[in-house]
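Each residue of the sequence shown is one higher than the one before, counting from 1 in the UniProt record's numbering.
Notes to accompany the following structure.
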Amino acid sequence: MYNPSHPGLILREYIDGMKVTDIAHRLGVSRVALSRVLNGKSAISPEMALRLSQLLPNTSADFWLKMQSAYDLWQVEQRTHFSIEPLILA
């Protein structure tokens, strides 16, 4: 599997050239909260995904959440190795 980008990096492309403060105001979130997402320090929550889908009508909440899920799963797979014996069901 590849290393998926944090959805904040994708969001950066959508809002390129716009002020973070203005976008945060439109979204109804703090500038700090949006900056943390844009810098890959915070995940996109279901609420933020819904807000983004309303700000960017060519996207959906599902689009943002799937991207976040792919990023999170890849991160965990890189640092976690479980030794779990499979359950055999009869």
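We treat Cβ as the ideally placed atom computed from N, Cα and C, and that holds for glycine.
* **Three-way DSSP call (helix, strand, coil) for THR21 in this model** => helix
* Can you give the beta carbon distance from LEU11 to LEU73, rounded, assuming they're within the 8 Å contact cut? -> Their Cβ separation, rounded to whole angstroms, is 19 Å, which puts LEU11 and LEU73 out of contact at 8 Å.
* Asked: What residue range is occupied by the uninterrupted alpha helix (DSSP H) comprising GLY8?
  -> 7-14
* Are there 16 or more other CB atoms within 10 angstroms of the CB of MET18, so buried, or fewer, so exposed? -> Result: exposed.
* Whose C-beta lies closer than 6 Å to the C-beta of MET67 among residues of the same chain, with five residues either side of it excluded? -> PRO7
* To do: Would you check if the distance between the CB atom of LEU65 and the CB atom of ILE44 is smaller than 8 Å?
  => yes
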